[in-house]
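Asks: Below is one structure. I have some questions about it.
Number of protein chains: 2
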Amino acid sequence: MVDTITQSLAIIEFLETLHNGACKLYPADPFRRARMQEIVYSIVCDIHPVQNLRVLQSYPEEQRAARAKDVIETGLRAVERLLHKTAVGQDAGEEQQGCYCVDNALSVADVVLVPQVYNAYRFQVDMTQFPRVVSIYEHLMTLTAFRASHPDEQPDAPAKQ
Amino acid sequence: MVDTITQSLAIIEFLETLHNGACKLYPADPFRRARMQEIVYSIVCDIHPVQNLRVLQSYPEEQRAARAKDVIETGLRAVERLLHKTAVGQDAGEEQQGCYCVDNALSVADVVLVPQVYNAYRFQVDMTQFPRVVSIYEHLMTLTAFRASHPDEQPDAPAKQ
Numbered sequence: 109m110v111d112t113i114t115q116s117l118a119i120i121e122f123l124e125t126l127h128n129g130a131c132k133l134y135p136a137d138p139f140r141r142a143r144m145q146e147i148v149y150s151i152v153c154d155i156h157p158v159q160n161l162r163v164l165q166s167y168p169e170e171q172r173a174a175r176a177k178d179v180i181e182t183g184l185r186a187v188e189r190l191l192h193k194t195a196v197g198q199d200a201g202e203e204q205q206g207c208y209c210v211d212n213a214l215s216v217a218d219v220v221l222v223p224q225v226y227n228a229y230r231f232q233v234d235m236t237q238f239p240r241v242v243s244i245y246e247h248l249m250t251l252t253a254f255r256a257s258h259p260d261e262q263p264d265a266p267a268k269q
Numbered sequence: 109m110v111d112t113i114t115q116s117l118a119i120i121e122f123l124e125t126l127h128n129g130a131c132k133l134y135p136a137d138p139f140r141r142a143r144m145q146e147i148v149y150s151i152v153c154d155i156h157p158v159q160n161l162r163v164l165q166s167y168p169e170e171q172r173a174a175r176a177k178d179v180i181e182t183g184l185r186a187v188e189r190l191l192h193k194t195a196v197g198q199d200a201g202e203e204q205q206g207c208y209c210v211d212n213a214l215s216v217a218d219v220v221l222v223p224q225v226y227n228a229y230r231f232q233v234d235m236t237q238f239p240r241v242v243s244i245y246e247h248l249m250t251l252t253a254f255r256a257s258h259p260d261e262q263p264d265a266p267a268k269q
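Chains as they are written, first to last, in the working numbering: chain A, 109 to 269; chain B, 109 to 269.
As structure tokens, this is what we get:
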């Protein structure tokens, strides 16, 4: 019998536990971890579910793109504010721009941010409103693992026109 | 400076960590914890966000109740199936009916199930479709902590008509 686990966050947490936190995707400090989870849940509960395909299809076709754009913009505004508290380079005098959502390390927040920003570009959200989000996204997309996860890089991706 | 944490799941996890897991809201076994998180995310990502007030208000008024009912029914169908794998009393020969979502102990899955079932009743979902959900909900509502969390028990609850 194969025991399938569903729900991507449950899978990420399970794999991380199984490998004794080898990827260090969860900050060790409980308060920092809570800050990270704020970003994670802001994306996976407040943005993603209300702009996915099944939900968009419940609106008249001509409203769908505007609906998705509106939901993503409102949500990313909250994420941008949260990044003030967590990302490096937000305080005056800090030279380095934020490379990750939380401190100077990869976390689950980065893992869920990337596909959400991908969707934001897809729905033509004006990303200049969210400089921290963009700075982090652009850094993450220089990393091999994120590049390999891009939809266009999957074996069954449709050929580009 | 007050450090406010938002997002209820982040808050629950933070408080539990702060008190060294005193409430034991997360199963110790990683696989069992993953099973619990499947239920949690099925509710907090797949049901709750798409039937909350702000989203419902984006539909014409006459469609809102049906929309909420449909989303909750589809979601609880998935939760009922997940409970097959986790709740006590699902196998032939087990005398005890499930009292909790996972095994014989309170977990975060129970904490998020209760308000979702409350909403299901509010939108007049036919709950006889979900016998495990109902059995667990009814047991949980015998517990003081859940009874005290009921909206009607809050100091600012509107008087009943």
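A virtual CB, placed ideally from N, CA and C, is assigned to each residue, including glycine. Everything numeric in this text was worked out from a predicted model, so none of it was measured.
#1: Quick check: what's the CA-CA separation for Val163/B versus Gln115/B?
#2: Count the other C-beta atoms from every protein chain shown that fall within 10 angstroms of the C-beta of Gln232/A, then say buried if there are 16 or more, exposed otherwise.
#3: Would you report the Cα separation of Val222/A and Phe254/A, rounded to the nearest angstrom?
#4: Taking the straight line between their C-alpha atoms, what separation do you get for Asn160/B and Asp178/B?
#5: Hey, Ile155/A and Thr194/A: beta-carbon distance below 8 Å or not?
#6: In the DSSP output, what is Val210/B paired with across the bridge?
#7: When you compare each of Glu169/A, Glu170/A and Arg175/A to Gln165/B by their alpha carbons, which one comes out closest?
#8: In whole angstroms, what is the alpha-carbon distance linking Ala173/A and Ala228/A?
#9: Residues in the same chain with beta-carbon distance under 8 Å from Ile61/B, minus the five sequence neighbours each way, listed in chain order, please.
#10: Excluding the 5 residues flanking Ala265/A on each side, which residues of the same chain have their C-beta closer than 7 Å to its C-beta?
#11: Measure the beta-carbon distance from Leu351/A to Val152/A and round it to whole angstroms, keeping in mind my assumption that it falls under 8 Å.
#12: Val241/A and Leu133/A look like a contact to me (Cβ under 8 Å); what is the Cβ gap, rounded to whole Å?
#13: Going by DSSP in three states, Ala130/A sits in which element: helix, strand or coil?
#14: Could you check the C-alpha separation between Pro263/B and Ser257/B for me, to the nearest Å?
#15: Just the Cα atoms here: how many angstroms apart are Leu123/B and Gln171/A?
#16: Please report the straight-line C-alpha distance between Cys131/B and Glu246/B, rounded to a whole angstrom.
#17: Does the beta carbon of Ala174/B sit closer than 8 Å to a beta carbon anywhere in chain A?
#18: Could you tell me which chain A residues have their CB closer than 9 Å to the CB of Thr114/B, listed as they occur along the chain?
#19: When the distance is taken between beta carbons, is Val158/A closer than 8 Å to Val187/B?
#20: Kindly identify the DSSP beta-bridge partner or partners of Ala118/A.
#21: I'd like the list of long-range same chain contacts for Val225/B, defined as Cβ closer than 6 Å, with 5 residues on each side in sequence excluded.
#22: With a threshold of 8 Å between beta carbons, is Ser257/A in contact with chain B?
#23: Less than 8 Å separating the beta-carbons of Asp211/B and Arg141/B?
#24: In the structure shown, what three-state DSSP assignment does Ala265/B receive?
#25: Using a C-beta cutoff of 8 Å, does Val158/B count as contacting chain A?
#26: Return the residue from the list Thr236/A, Thr250/A, Ala267/A and Pro168/A that minimises the CA-CA distance to Leu214/A.
#27: Counting C-beta neighbours from all protein chains within 10 Å, is the total for Gln237/B 16 or more, i.e. buried, or is it exposed?
#28: Can you grab the Cα-Cα spacing for the pair Thr112/A / Lys268/B, in whole Å?
#29: Compare the Cα-Cα distances from Ile120/A to each of Glu181/B, Ala136/B, Gln145/B and Asp137/B and report the closest residue.
#30: Given Ser150/B, which residues of its chain have a CB within under 6 Å of its CB, disregarding the five upstream and five downstream residues?
#31: Which residues in the same chain as Gly183/A place their Cβ atom closer than 6 Å to its Cβ, once the five residues preceding and following it in sequence are excluded?
#32: Under a CB-based cut-off of 8 Å, is Leu164/B close to chain A?
#33: Who pairs with Ala195/A in a beta bridge, going by DSSP?
Replies: Looking at the coordinates:
#1: Position 55 of the second sequence, counted from the first residue, corresponds to residue 163/B. Position 7 of the second sequence, counted from the first residue, corresponds to residue 115/B. Each residue's Cα considered, the two are about 18 Å apart.
#2: For the purposes of this step, residue 232/A is identified with residue 124 of the first sequence, where counting begins at 1. With fewer than 16 Cβ atoms within 10 Å of its Cβ, Gln232/A is classed as exposed.
#3: The residue labelled residue 222/A in the question sits at position 114 within the first sequence. The residue labelled residue 254/A in the question sits at position 146 within the first sequence. Spanning the two alpha carbons is a distance of roughly 8 Å.
#4: Looking up residue 160/B in the second sequence gives position 52. Looking up residue 178/B in the second sequence gives position 70. One C-alpha to the other measures close to 13 Å.
#5: Your numbering for residue 155/A matches position 47 in the first sequence. Your numbering for residue 194/A matches position 86 in the first sequence. No, these two residues do not count as a Cβ contact at 8 Å.
#6: Locating residue 210/B in the second sequence gives position 102, where the first residue counts as 1. Val210/B pairs with Ala213/B.
#7: The residue labelled residue 165/B in the question sits at position 57 within the second sequence. Of Glu169/A, Glu170/A and Arg175/A, the residue nearest in Cα terms is Arg175/A.
#8: In the first sequence, residue 173/A corresponds to position 65, counting from 1. In the first sequence, residue 228/A corresponds to position 120, counting from 1. For Ala173/A and Ala228/A, the distance between alpha carbons rounds to 11 Å.
#9: It is not possible to answer for residue 61/B, since the shown part of chain B is limited to 109 through 269.
#10: The residue labelled residue 265/A in the question sits at position 157 within the first sequence. The residues are Pro259.
#11: The first residue shown for chain A is 109 and the last is 269, placing residue 351/A beyond what the model contains.
#12: Sequence index remark: in the first sequence, residue 241/A carries index 133 (1-based). Sequence index remark: in the first sequence, residue 133/A carries index 25 (1-based). Not really, about 19 Å apart at Cβ, beyond 8 Å.
#13: The residue given as residue 130/A occupies position 22 in the first sequence. Ala130/A falls in the coil class under three-state DSSP.
#14: Start at 1 with the first residue of the second sequence, and residue 263/B comes out as number 155. Start at 1 with the first residue of the second sequence, and residue 257/B comes out as number 149. So the alpha carbons of these two residues sit roughly 11 Å apart.
#15: As a first step, residue 123/B must be located in the second sequence, where it is residue number 15. As a first step, residue 171/A must be located in the first sequence, where it is residue number 63. Spanning the alpha carbons of Leu123/B and Gln171/A requires a straight line of approximately 41 Å.
#16: As a first step, residue 131/B is located in the second sequence; it is residue number 23 there, counting from the start. As a first step, residue 246/B is located in the second sequence; it is residue number 138 there, counting from the start. Rounded to the nearest angstrom, the two C-alpha atoms are 21 Å apart.
#17: Counted from its first residue, the second sequence places residue 174/B at position 66. Answer no: the Cβ-Cβ gap between Ala174/B and chain A never drops below 8 Å.
#18: The count along the second sequence starts at 1 and reaches residue 114/B at position 6. Per Cβ cutoff of 9 Å: Glu146, Tyr149, Ser150, Ala186 and Leu190.
#19: Taking the second sequence and counting its residues from 1, one reaches residue 187/B at position 79. Taking the first sequence and counting its residues from 1, one reaches residue 158/A at position 50. Not closer than 8 Å, so no.
#20: Here the question's residue 118/A lines up with position 10 in the first sequence. In DSSP, Ala118/A forms no bridge with anything.
#21: Here residue 225/B is taken as the residue at index 117 of the second sequence, counted from 1. Correct list, in chain order: Tyr245.
#22: Start at 1 with the first residue of the first sequence, and residue 257/A comes out as number 149. Output row for Ser257/A: interface = no.
#23: Residue numbering aside, residue 211/B sits at position 103 when the second sequence is read from its first letter. Residue numbering aside, residue 141/B sits at position 33 when the second sequence is read from its first letter. Against a cut-off of 8 Å, the Cβ pair of Arg141/B and Asp211/B comes out as no contact.
#24: As a first step, residue 265/B must be located in the second sequence, where it is residue number 157. The answer is coil: DSSP assigns Ala265/B none of H, G, I, E or B.
#25: Looking up residue 158/B in the second sequence gives position 50. So, interface residue.
#26: To locate residue 214/A, count along the first sequence from 1; it is residue 106. Answer by Cα proximity: Thr250/A.
#27: The sequence position of residue 237/B within the second sequence is 129, counting from 1. Exposed: under 16 other Cβ atoms inside 10 Å.
#28: Within the first sequence, numbered from 1, the residue matching residue 112/A stands at position 4. Within the second sequence, numbered from 1, the residue matching residue 268/B stands at position 160. One C-alpha to the other measures close to 46 Å.
#29: The sequence position of residue 120/A within the first sequence is 12, counting from 1. It is Gln145/B.
#30: As a first step, residue 150/B must be located in the second sequence, where it is residue number 42. If we look at Ser150/B and ignore the five residues flanking it on each side, its Cβ neighbours are Ala186 and Val187.
#31: Counted from its first residue, the first sequence places residue 183/A at position 75. Within the same chain, Gly183/A has close Cβ partners Asp154 and Ile155.
#32: In the second sequence, residue 164/B corresponds to position 56, counting from 1. So, not an interface residue.
#33: In the first sequence, the residue the question calls residue 195/A occupies position 87. BP columns for Ala195/A point to Asp211/A.
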